[in-house]
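Set out below in structure tokens:
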């Protein structure tokens, strides 16, 4: 019974580890905008992000600027937009856009169910649009001053997905610092209760490594299958992929550390057991076997003496 409880505790702790790691990651990203912005800020240098932003702003200007049917005008618009997304001010603008998007996410998660919420959470590219419009006006494009106030956007995900996870996210934020301890308790209990603690420790190491493989597969599946698609049904924006990869850097590093720690633990246990077995002396002979050997040798001596006596009488 004790062995069964030990095995169940170890398996439960290993199965709980991916959820604890993922839950801590989600809670850390939700609880404050500083962490989120710090994670996604480097994506401002990603060419895929810059091209995505430039395409959307260019499309917004193209639909409103007179004379866009002329190649010279179209080239001027694209160069003006590219100058914005490759300029030194774009990283700060990109960080501000993501900070505003994070505030909208937190607002949806924390506001009461009766509050009106938007249908989607997105990145509002209005500041980039305004900078490109001013650049066109400075380049002598007369129609730039007559452009309407447009709001090109990059759609991130539907709000209904957040509303369904509102309670779960609330509890994750509350239990943020307790989450890493949740798998430690059953794992420690399983090792302590085990009859062979070294074998239990080795099994826990292999189990943790296997659970991290499952977490890596889950992250890959989310990236491939579960990222939100735009309202028009097209594929997810390249910027969305880039943002997800930036946000997923923490759990990917964490799962690699836990995976390596699990394998190292199992390997150290195997080396220690092998070293101990090689230094143990050979087992002492069984006393019963010694008596049997003595009797056999005595019988052989008696038989030899009897044969010699019969030979002398002859």
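In my numbering, the protein residues as written are -18 to 295.
Each residue gets a CB set at the ideal place from its N, CA and C atoms; glycine is no exception.
Everything numeric in this text was worked out from a predicted model, so none of it was measured.
Buried or exposed: which applies to residue i, given that a residue is buried once 16 or more other Cβ atoms fall within 10 Å of its Cβ?
i	result
residue 292	Unreliable positioning characterises residue 292 in this predicted model, as indicated by a pLDDT of 47, which lies under 50. A coordinate reading is not provided.
residue 252	exposed
residue 56	exposed
residue 103	buried
residue 188	buried
residue 235	buried
residue 144	exposed
residue 132	exposed
residue -2	buried
residue 295	Below a pLDDT of 50, predicted positions are generally treated as unreliable, and residue 295, at 49, falls in that range; the measurement from the model is reported next regardless. Burial call: exposed.
residue -18	exposed
residue 24	buried
residue 20	buried
residue 83	buried
residue 114	buried
residue 206	exposed
residue -16	exposed
residue 75	buried
residue 287	Low confidence applies here, because residue 287 scores a pLDDT of 47, under 50, leaving its location unreliable; read the following figure in that light. Burial call: exposed.
residue 15	exposed
residue 109	buried
residue 77	exposed
residue 248	exposed
residue 162	exposed
residue 284	Residue placement at residue 284 is poorly supported in this model, since its pLDDT is 47, which falls under 50; the coordinates are not used for a value here.
residue 194	exposed
residue 11	buried
residue 259	exposed
residue 257	exposed
residue 127	exposed
residue 299	Outside the modelled stretch of the chain, which goes from -18 to 295, sits residue 299, for which no answer is possible.
Is residue i near residue j, with beta carbons less than 7 Å apart?
i	j	result
residue 307	residue 217	Residue 307 lies beyond the stretch modelled for the chain, which goes from -18 to 295, so this question has no answer here.
residue 174	residue -14	yes
residue 33	residue 198	no
residue 8	residue 154	yes
residue 61	residue 13	no
residue 150	residue 230	no
residue 136	residue 101	yes
residue 243	residue 190	yes
residue 164	residue -6	yes
residue 183	residue 250	yes
residue 185	residue 168	yes
residue 232	residue 46	no
residue 29	residue 223	yes
residue 160	residue 5	yes
residue 105	residue 85	no
residue 58	residue 42	yes
residue 225	residue 254	no
In terms of DSSP beta bridges, what is residue i paired with?
i	result
residue 104	135
Quick one: does residue i have its CB under 7 Å from some CB of chain C?
i	result
residue 55	Going by chain labels, chain C is absent from the structure shown, which holds only one protein chain.
For the region 31 to 41 against the region 65 to 79, do three or more pairs of beta-carbon atoms, one drawn from each stretch, fall closer than 8 Å, so that the two count as touching? yes
| message | Restricting to runs no shorter than 4 residues, where is the alpha helix (DSSP H) found entirely within the region 125 to 192? | response | 140 to 145, 147 to 155 and 165 to 174
I want to know whether the region 120 to 131 touches the region 174 to 183 - three or more CB-CB distances under 8 Å. no
- [ ] Any chance you could list the alpha helix (DSSP H) runs of at least 4 consecutive residues sitting entirely within the region 5 to 60, in chain order?
- [x] 14 to 21 and 28 to 43
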